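First up is the structure itself, then whatever we jot down about it.
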Amino acid sequence: MFMSLSSKNMVCHMYICLVIFDEDDKLNTPDDYDCIVRAKIPKQDEEPELYAAVIKHMIHGPCGHIKPNAPCMKNGKCKKGYPKQFAECTMQGNDSYPIYQRRNDNRLIALDNHGEVAIDNSWVVPYNPWLLLKYDCHKC
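Following this note's numbering, the numbering of the sequence shown begins with 2 at its first residue and continues without gaps.
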């Protein structure tokens with residue numbers, strides 16, 4: 002089920018309800034997560050539409066030393082934990098959240114025309130490629 006709404010300033014909001022009924026359908030292993038979730042910037046020449054959507058919707062901030070007054074900053078740190086640590090593979094975290102594969106591929110992507118703000122995979126919000134391309138929006 003999904004619902005699309007517009008706010009007073011005409012910004013579209015979409016709410017998606019995903020219900021998992023069977024224990025066998027749950028994501029239990031790192032391989033399960035890797036099948037549906039990514040936390041990386043795709044290569045522009047291989048997946049140009051996904052690359053554009055990730056850059057447009059799935060980059061956190063930037064915040065931290067780049068923008069210390071960002072709304073997510075508290076006591077000099079990002080409340081969401083960005084930039085995230087690089088991880089060679091997806092693994093189960095100490096809490097209920099996985100640590101997604103987020104490799105350091107030594108690519109820096111300029112977010113502005115002057116190249117003053119450059120990001121890498123540590124700034125990517127985890128996303129589902131199919132949903133991102135279908136709805137072309139950031140999930141909440």
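Just so you know, even glycine gets a beta-carbon here, dropped at the ideal spot from N, CA and C.
Computed from a predicted model, the values in this text were never measured in an experiment.
C-alpha of residue 84 to C-alpha of residue 123: approximately 5 Å in a straight line. The residues 77, in chain order, have a CB closer than 8 Å to that of residue 69 in the same chain once the five nearest residues on each side in sequence are set aside. Judged by beta-carbon spacing, residue 65 lies within the 8 Å limit of residue 79, meaning their Cβ atoms are closer than that value. Between residue 109 and residue 121, the C-beta spacing is below 8 Å.
The bridge partners DSSP lists for residue 102 come to none. Per DSSP, residue 80 lies in no alpha helix (DSSP H) segment and is marked neither H nor E. In the three-state reduction of the DSSP assignment, residue 41 falls in the coil class. Around the CB of residue 75, fewer than 16 other CB atoms lie within 10 Å, so the residue is classed as exposed. Counting every other CB atom within 10 Å of its CB across the protein chains shown gives residue 81 a total below 16, marking it as exposed. Residue 117 holds the alpha-carbon nearest to the alpha-carbon of residue 63 among 138, 117, 129 and 128.
DSSP places residue 71 outside both helix and strand once states are collapsed to three, so it counts as coil.
A Cβ-Cβ separation of about 11 Å leaves residue 129 out of contact with residue 55 under the 8 Å criterion.
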